[in-house]
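Student:
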Amino acid sequence: MKAKIKSVDLGSDVGVFEYIPESSDCFSLWMNFTIGKSDSKGGDCFRLRVCTPEWLNRMAGHMLWGRHMLVVEDYRPEAIIRYVEQYVSSLEEESWIDIATKIARVMEWEFEDYAM
Numbered sequence: 001m002k003a004k005i006k007s008v009d010l011g012s013d014v015g016v017f018e019y020i021p022e023s024s025d026c027f028s029l030w031m032n033f034t035i036g037k038s039d040s041k042g043g044d045c046f047r048l049r050v051c052t053p054e055w056l057n058r059m060a061g062h063m064l065w066g067r068h069m070l071v072v073e074d075y076r077p078e079a080i081i082r083y084v085e086q087y088v089s090s091l092e093e094e095s096w097i098d099i100a101t102k103i104a105r106v107m108e109w110e111f112e113d114y115a116m
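Everything in the sequence shown is counted per UniProt numbering, starting at 1 for the first residue and increasing by one.
1) Can you tell me whether E22 is helix, strand or coil according to DSSP?
2) Is the shortest distance between the beta-carbon of R67 and the beta-carbons of chain C less than 7 Å?
3) Can you name the start and end residues of the beta strand (DSSP E) that S28 belongs to?
4) Mind checking which residues open and close the beta strand (DSSP E) that includes A104?
5) Measure the alpha-carbon distance for Y83 versus I103 and round it to whole angstroms.
6) Identify, in the order they occur along the chain, each residue of the same chain with its Cβ nearer than 8 Å to the Cβ of L10, setting aside the five sequence neighbours on each side.
7) From W96 to G66, what distance separates their C-alpha atoms?
8) List the residues that DSSP assigns as beta-bridge partners of F17.
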């Protein structure tokens, strides 16, 4: 079984490709990805904090947990989505839960920590 990105948004009225950060070298935002089985329409929600090294430096102080985070030099949505697509498409497992668990290593999964 393989997975595929079905949609990407910022959780707001502003589209992924229309968004322009106030500062190109210092920003942080959450990108929401709907990812599902490649042969189906639906998917689960995964969230990823996209931020710059400068934002980390300014906001984090001396320490910061780094889970569910992608550090980028600037906001290039096409490149960010392509990078996530490469990871997602590299996964192949017997079940959706196995794929989703691997994606959840790098992105926040809506069902993370649910009791099965």
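Glycine residues also receive a C-beta, built at the ideal position from the N, C-alpha and C atoms.
Computed from a predicted structure; not experimentally measured.
Tutor: Working from what's here:
1) Your numbering for residue 22 matches position 22 in the sequence shown. Reduced to three states, the DSSP call for E22 is coil.
2) In the displayed structure, chain C is absent; only one protein chain is listed.
3) Along the sequence shown, read from residue 1 onward, the residue named residue 28 stands at position 28. S28 to K37 is the span of the beta strand (DSSP E), which, as asked, contains S28.
4) Position 104 of the sequence shown, counting from 1, holds the residue named residue 104. No beta strand (DSSP E) contains A104, which DSSP labels as neither H nor E.
5) Position 83 of the sequence shown, counted from the start, is the residue given in the question as residue 83. Position 103 of the sequence shown, counted from the start, is the residue given in the question as residue 103. Rounded to the nearest angstrom, the two C-alpha atoms are 13 Å apart.
6) Position 10 of the sequence shown, counted from the start, is the residue given in the question as residue 10. Around L10: V16, Y19, L29, W30, M31 and N32.
7) Taking the first residue of the sequence shown as 1, we reach residue 96 at position 96. Taking the first residue of the sequence shown as 1, we reach residue 66 at position 66. Roughly 25 Å separates the two Cα atoms.
8) Working through the sequence shown from its first residue, we reach residue 17 at position 17. F17 pairs with nothing; no bridge assigned.
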